[in-house]
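Asks: Residue numbers (our numbering): -12 to 132.
Can you read through this structure? Questions will come right after.
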């Protein structure tokens, strides 16, 4: 089975700060899974490193006040297209991200406060029937067949 995975969780230095956020996913999944790395922010055309962004209302704004909504939407659509192309039904995404966060995201004030909500990519994938996991609930993926 194929699983879309945030590239940063697999060790790719693609986060906004140019760092990785590697998680040992192999502890939670078997060899039956094929991991497909993807970074929606890079796919949307954003550079690495980049100025941090957060969701503010219905926009994605960087810390300097520039609107990056179009790039985030483009990356989310690229992720969905990839999932459709490869019949991917599960995704492991980076928590709290304005793209990949699911359940909790930063509140748009750039003060590290979390609120209930989903990132743009996570929301689009979830609305299209793709089951979302993050690095904090990987044990739940063991039951997926």
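In this text, a Cβ means the ideal position worked out from N, Cα and C, and glycines have one as well.
Drop a sphere of 10 angstroms on the beta-carbon of residue 5, count the other beta-carbons inside from all chains shown, and report buried for 16 or more, exposed for fewer.
Replies: Residue burial annotation: residue 5 is exposed, with fewer than 16 other C-beta atoms found within 10 angstroms of its C-beta.
Asks: Taking only runs that begin and end inside the stretch 62 to 89, name each unbroken beta strand (DSSP E) of 3 or more residues, in chain order.
Replies: Entirely contained in the stretch 62 to 89, the beta strand (DSSP E) runs reaching 3 residues are, in chain order, 77 to 80.
Asks: Report the residue ranges of all beta strand (DSSP E) runs contained in full by the stretch -2 to 50; include only those spanning at least 3 residues, in chain order.
Replies: 21 to 25, 40 to 43, 46 to 49
Asks: Please name the residue in 94, 29, -8 whose C-alpha comes closest to that of residue 37.
Replies: 29
Asks: Return the chain-ordered list of same chain residues with a C-beta closer than 8 Å to the C-beta of residue 58, the five sequence neighbours on each side being excluded.
Replies: The beta carbon of residue 58 sits closer than 8 Å to those of 28, 31, 32, 33, 47, all from its chain and outside the five residues before and after it, given in chain order.
Asks: Distance, Cα to Cα, residue 25 vs residue 71?
Replies: 14 Å
Asks: Pairs of beta-carbons, one from the stretch 7 to 15 and one from the stretch 100 to 114, closer than 8 Å: are there three or more?
Replies: no
Asks: Relative to the C-alpha of residue 94, which residue among 7, 41, 18 is closest?
Replies: The shortest Cα separation from residue 94 among 7, 41, 18 belongs to 41.
Asks: Would you tell me roughly how many angstroms separate the C-alpha atoms of residue 88 and residue 116, rounded to the nearest one?
Replies: 16 Å
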